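A short worksheet on the structure shown next.
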Amino acid sequence: MKKRNMTALGAAAAILVAGGTVNADDPVSLTIVSWGGAYTESQQRAYHEPYMELNPHVTIVNDDGSANALAGLRAQSQAGNVTWDLVDMLPSDAQLACDEGIIMPVDHDAILAAAPDGTPASEDFLPGSLGECFIPQIVYSTVLTINHELFPEDQQPSTIADLFDTENFPGRRALQDRPGTNLEWALYADGVPIDEIYDVLATPEGVDRAFAKLDTIKDDIVFWTEGAQAPQLLADGEVAFATGYNGRMFDASEVEGQPFEIIWDGQIVEWDGWVIPADGQNIDAVMDYLFFATDTQRLADQAKYISYGPARASSASMVSTHADLGIDMEPHMPTNPDNYFAPIVLDNDFWADYGDELRERYANWMLQ
Amino acid sequence: MEASTSPSGLVTADGQPLKRSLRRAERARKLTALALVGPLLAFLLVMFIFPIAQMMWRSVDNPQIVNAIPRTLEALEAWDGQGLPDEPVFAALAEDLRTDAALPRREQSAGPMGIRLNYELSGARGAVARTARAVEGFEPPFKDAFLDAHRHWGNPELWRVIVREGRPLTASYYVAALDREYDSDGRIVKRPENRQIYVSLFGRTLALSGVILFLTFLLGFPIAFYMSTLPMRYANLLMICVLLPFWTSLLVRTTSWIVLLQQQGVINNAAVAMNFIADEQRYSLMYNMQGTIIAMTHILLPFMVLPLYSVMKNIPPSYLKAAKSLGATPWTAFRRVYFPLTLPGIGAGGVLVFIISIGYYITPALVGGQSGRMISNEIARHMQQSLNWGLAAALGTMLLAGVLVLYWLYNRLVGADNLRLG
């Protein structure tokens, strides 16, 4: 009797030990690359922290390297040492990386959660947003913003055409040092209807027309590179107009109390989302994280911390109030009907094809 | 060891010819020297020479097209370059793309080929990407299938580019780096004016570096001279003033210049408050060439001051006194005795400042705006944004070559032996 008990006890102990060493919950560290600043903070609070609470064995480390994500991914894959697990990237860059084979193609319905009402992921995400290797997260816009204290009460700028009107609205302008968004706005201000902008821009005459329009304000332009520079220049009073990401502008004006006014006319709408580096070291953990972080509730949660719209249709109704300020986020979403009256949806295929050439021309133009 | 003579020449005490003993001792000495230098040599080879050689290799390496479409290139040898190629070429292309699609994703070359072709002809990437996906379902005649799939296959220019670049090595990155391109006859011509960037940027980089060199010399020479005449205690104090900014983080220094120089910054606000200038006429000292020059002069000043100080400290003050006692005015004594003795220090400091400022990119990126931009910013743009590493490597190699030429020139004029750091 005793011997049998001892054997049973020994066997149970052995199983426990064996089970302990083959633990599926070994500590895992995920390196998630994003853009930094207010945006990474919103991801930290909406995705990373809830996930880490539910999965204590996972540590998520933030890396603010998304501005150089393409170069970093390529360098890592060529060196054979991929240290990034998940990267936040723009769809045009994701297309390049996908063509090069440095990120994984994804089967959306297989790895992403369905909507609460059962709609599969491939239909729940906004049309045109899912890419071969790309999982959208947010809808954001590059918008024109003004410091309304620099203009008289009765003469505040309200359209993109005002950006190019230095007579009525004097002051310096801060534009991004990339042609994307600036060429579209030049054509829009020059009178091209929104749905024809990319067709016009695909022709040499259209490009000349856009640059000619930009030349009219050339002397008043200050160029910015990083997302945080645009609101900083505006807050310092260095410029009267600044183009920038709407979430950063929201953060500056609502959270920091700067006297900014966002002009939603001609907002250039784009997605931003996740890509998975091929040959990453923690693919299973990343897939588990992605399933959680891209579901309906999580995408709606991110809108509590920054004014970017969720990329899922089912999340729109769950967008509520700002976590710290308590203000309603709905009016600040790019996709809110009050703001969405004249959007220009960025054409990623156009920029993937013509980006190189236009970037060179723009670099030359910036040097003149 | 006594040397004694023998019929064959001098011999050492152990009977060996002197020459042989000498050679053996020399060899032992050289081996010891090599062993001591060896680790450093290996370090330089691995960390310095090998990466630079790799970068230079990237500027001519052209594997993307050759790897992706070998059969097509073979079939294209029969093409005369006019109009469009014939059906065999398209059939070969379909086979190449199908073979490529069957490979594991990491080894596929069609994507990289599309990106490579796009550097030469905008839109090629889209053509290759979309066709590569559709090629499975193509039926002969393939020429029609391709022309239906994407209009770019009907562009003879694309085929000319494929033939021209379908080689393992390419000069096209250097052609682009010199603001030139191939025309439809395959000759190298200048790019249209509105796409010329690099040559003028090289010129501007050299000019800006020259200005910064001159300014650091103008500011650094008096400081070093004064420090070298002071007693140790005060000289040390001044040295700390020079070194403390040197040890402060580069980004901190650069961003503090932004605070000082921007239009609503400290200097402008003070000038307006003291009525030197009107509010509308604020100095524009930031986000332009002036900003780059001011910030970089400040950052590179210690590189000029320290070698100068070291050299000046070693000039005996008695020389100047001797010159004066022989009848020289203070200015003549300075010009003809003191200054030539400081030339090695000026050479060292000048070389340091010039070479560092040619390659600098953080400060011009932050405070340079568009007129203070240097070639290094363009190299960074190609490394990070457009991912055209071949072009970045070509620009980097040209920069390296330019610096080496300038250094050779300096050596001829001044002599590298005349370089002293202390």
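Sequence lines, in order, name chains E and L.
The opening position of the first sequence corresponds to residue 24 in the working numbering, with each subsequent residue numbered one higher.
The opening position of the second sequence corresponds to residue 1282 in the working numbering, with each subsequent residue numbered one higher.
Beta carbons are placed, not taken as given, at the ideal position from N, Cα and C, and that holds for glycine.
None of these values were measured; they are calculated from a predicted model.
Any beta-carbon of chain L closer than 8 Å to the one on residue 309/E? Start at 1 with the first residue of the first sequence, and residue 309/E comes out as number 286. No, residue 309/E lies away from the interface with chain L (no Cβ there is under 8 Å from its Cβ).
Whose Cβ in chain L lies nearer than 9 Å to the Cβ of residue 112/E? Numbered from its first residue, the first sequence carries residue 112/E at position 89. The premise fails here: residue 112/E is roughly 12 Å from chain L at the closest Cβ pair, so nothing lies under 9 Å.
Terminal residues of the beta strand (DSSP E) in which residue 127/E lies: The residue you call residue 127/E lines up with position 104 of the first sequence. Counting along the chain, residue 127/E falls outside any beta strand (DSSP E), and DSSP gives it neither H nor E.
Quick one: grab the DSSP three-state call for residue 1513/L. Sequence index remark: in the second sequence, residue 1513/L carries index 232 (1-based). DSSP, reduced to helix, strand and coil, places residue 1513/L within a helical segment of the structure shown.
Residues of its chain near residue 370/E, where Cβ-Cβ distance is below 7 Å and the 5 sequence neighbours each way are ignored: Numbered from 1 along the first sequence, position 347 holds the residue referred to as residue 370/E. Exclusion of the five residues before and after residue 370/E leaves 221 as the residues of its chain whose Cβ lies within less than 7 Å of its Cβ.
Can you check which of these residues, 1675/L, 1505/L, 1660/L, 1407/L, is closest to residue 1583/L by C-alpha distance? Locating residue 1583/L in the second sequence gives position 302, counting from the first residue. For the residues 1675/L, 1505/L, 1660/L, 1407/L, the minimum Cα distance to residue 1583/L belongs to 1505/L.
What residue range is occupied by the uninterrupted beta strand (DSSP E) comprising residue 1463/L? As a working mapping, residue 1463/L is identified with position 182 in the second sequence. First-last of the beta strand (DSSP E) with residue 1463/L: 1461–1463.
Could you check where the alpha helix (DSSP H) with residue 82/E kicks off and where it finishes? On the first sequence, residue 82/E is found 59 positions in, with the first residue counted as 1. That residue, residue 82/E, is in no alpha helix (DSSP H); its beta strand (DSSP E) goes 81–86.
If we count the other Cβ atoms within 10 Å of its Cβ and call it buried at 16 or more, is residue 1327/L buried or exposed? What you label residue 1327/L is simply residue 46 of the second sequence in a count that begins at 1. Per the 10 Å Cβ criterion, exposed.
Which residues in the same chain as residue 100/E place their Cβ atom closer than 6 Å to its Cβ, once the five residues preceding and following it in sequence are excluded? On the first sequence, position 77 is the one that residue 100/E refers to. Answer for residue 100/E: 125, listed in chain order.
Does residue 1599/L come within less than 8 Å of chain E when only Cβ atoms are used? Looking up residue 1599/L in the second sequence gives position 318. No, residue 1599/L lies away from the interface with chain E (no Cβ there is under 8 Å from its Cβ).
Nearest neighbour of residue 329/E, chosen from 173/E, 138/E, 275/E, 253/E [CA to CA]: For the purposes of this step, residue 329/E is identified with residue 306 of the first sequence, where counting begins at 1. Residue 275/E is the option with its Cα nearest to residue 329/E.
Local conformation of residue 293/E per DSSP, three classes: Here residue 293/E is taken as the residue at index 270 of the first sequence, counted from 1. Three-state DSSP puts residue 293/E in a strand.
Rounded to the nearest angstrom, what separates residue 1421/L and residue 1466/L at their Cα positions? In the second sequence, the residue the question calls residue 1421/L occupies position 140. In the second sequence, the residue the question calls residue 1466/L occupies position 185. Residue 1421/L and residue 1466/L: Cα-Cα distance of roughly 31 Å.
Which residue from 102/E, 336/E, 341/E, 265/E puts its Cα closest to that of residue 151/E? The residue labelled residue 151/E in the question sits at position 128 within the first sequence. Among 102/E, 336/E, 341/E, 265/E, the Cα nearest to that of residue 151/E is on 336/E.
How would you label residue 121/E, buried or exposed, when you count the other beta carbons within 10 angstroms and need 16 or more for buried? Against the first sequence, residue 121/E aligns to sequence position 98. Residue 121/E comes out buried.
Contact set for residue 1622/L: own chain, Cβ-Cβ below 6 Å, skip 5 residues either direction: Position 341 of the second sequence, counting from 1, holds the residue named residue 1622/L. Around residue 1622/L: 1596.
Taking the alpha carbon of residue 1444/L as the reference point, which residue from 1488/L, 1358/L, 1408/L has its own alpha carbon closest? Along the second sequence, one-based indexing puts residue 1444/L at 163. Comparing Cα positions, the closest option is 1358/L.
Would you tell me roughly how many angstroms separate the C-alpha atoms of residue 1524/L and residue 113/E, rounded to the nearest one? Here residue 1524/L refers to the residue found at position 243 of the second sequence. Here residue 113/E refers to the residue found at position 90 of the first sequence. Each residue's Cα considered, the two are about 43 Å apart.
Reference residue 50/E, options 75/E, 293/E, 255/E, closest by Cα: Translated into positions along the first sequence, residue 50/E becomes position 27. Residue 50/E has its Cα closest to that of 75/E, out of 75/E, 293/E, 255/E.
Contact check, residue 144/E vs residue 377/E, beta carbons under 8 Å: Counting from one through the first sequence, the residue named residue 144/E turns up at place 121. Counting from one through the first sequence, the residue named residue 377/E turns up at place 354. Cβ atoms of residue 144/E and residue 377/E: not closer than 8 Å.
Listing by chain order, which chain E residues have their CB less than 9 Å from the CB of residue 1337/L? As a first step, residue 1337/L must be located in the second sequence, where it is residue number 56. Per Cβ cutoff of 9 Å: no residues; residue 1337/L is ~17 Å from chain E at best.
Residue-chain proximity (residue 1403/L, chain E), Cβ-Cβ < 8 Å: As a first step, residue 1403/L is located in the second sequence; it is residue number 122 there, counting from the start. At least one chain E Cβ lies under 8 Å of residue 1403/L.
Grouping DSSP H, G and I as helix and E and B as strand, with all else coil, what is residue 170/E? On the first sequence, residue 170/E is found 147 positions in, with the first residue counted as 1. Looking at residue 170/E - three-state DSSP - the assignment turns out to be strand.
Closer than 8 Å between beta carbons: that is the criterion. Which residues of the segment 1628–1659 of chain L meet it against chain E? 1646, 1650, 1651, 1652, 1654, 1659
Give the residues of chain E in contact with residue 1389/L, contact being defined as C-beta atoms less than 8 Å apart. Residue mapping note: residue 1389/L aligns to position 108 of the second sequence, counting from 1. The contacting residues are 124.
Determine, for residue 1328/L, whether the minimum Cβ-Cβ distance to residues of chain E falls below 8 Å. The count along the second sequence starts at 1 and reaches residue 1328/L at position 47. Not closer than 8 Å to any Cβ of chain E, the Cβ of residue 1328/L fails to qualify, so no.
CA-to-CA distance, residue 1350/L to residue 1423/L, given in whole angstroms: The residue you call residue 1423/L lines up with position 142 of the second sequence. The residue you call residue 1350/L lines up with position 69 of the second sequence. Going from the Cα of residue 1423/L to the Cα of residue 1350/L covers about 15 Å.
Using the three-state DSSP reduction, which class does residue 1694/L fall into: helix, strand or coil? Start at 1 with the first residue of the second sequence, and residue 1694/L comes out as number 413. DSSP places residue 1694/L in helix when its eight states are reduced to three.
Could one say the Cβ of residue 1282/L lies closer than 8 Å to chain E's Cβ atoms, at least one of them? Looking up residue 1282/L in the second sequence gives position 1. In this predicted model, residue 1282/L has a pLDDT of only 48, less than 50, meaning its place in the structure is not dependable; the value taken from the coordinates is given anyway. Closer than 8 Å: no.
On the CB-based measure, 16 or more other CB atoms within 10 Å of its CB, does residue 327/E come out buried or exposed? The residue given as residue 327/E occupies position 304 in the first sequence. Buried.
Say the cut is 7 Å; is the CB of residue 181/E nearer than that to a heavy atom of the ligand MG? As for the ligand MG, it is missing from this structure, which has no ligand bound.
Could you work out which residues of chain E lie near residue 1399/L, taking near to mean beta carbons separated by less than 8 Å? For the purposes of this step, residue 1399/L is taken as the residue at position 118 of the second sequence. Within chain E, the residues near residue 1399/L are 376, 379.
Could you give the residue range of the beta strand (DSSP E) that holds residue 54/E? Along the first sequence, read from residue 1 onward, the residue named residue 54/E stands at position 31. Start and end: 51–56.
Spatial neighbours of residue 1536/L within its chain, please: C-beta separation below 8 Å, excluding the five flanking residues on both sides. By one-based count along the second sequence, residue 1536/L stands at place 255. Here the set comprises 1647.
Below 8 Å on C-beta distance, what does residue 1392/L contact in chain E? Stepping through the second sequence from its first residue, residue 1392/L is reached at position 111. Correct list: 121, 122, 123, 124.
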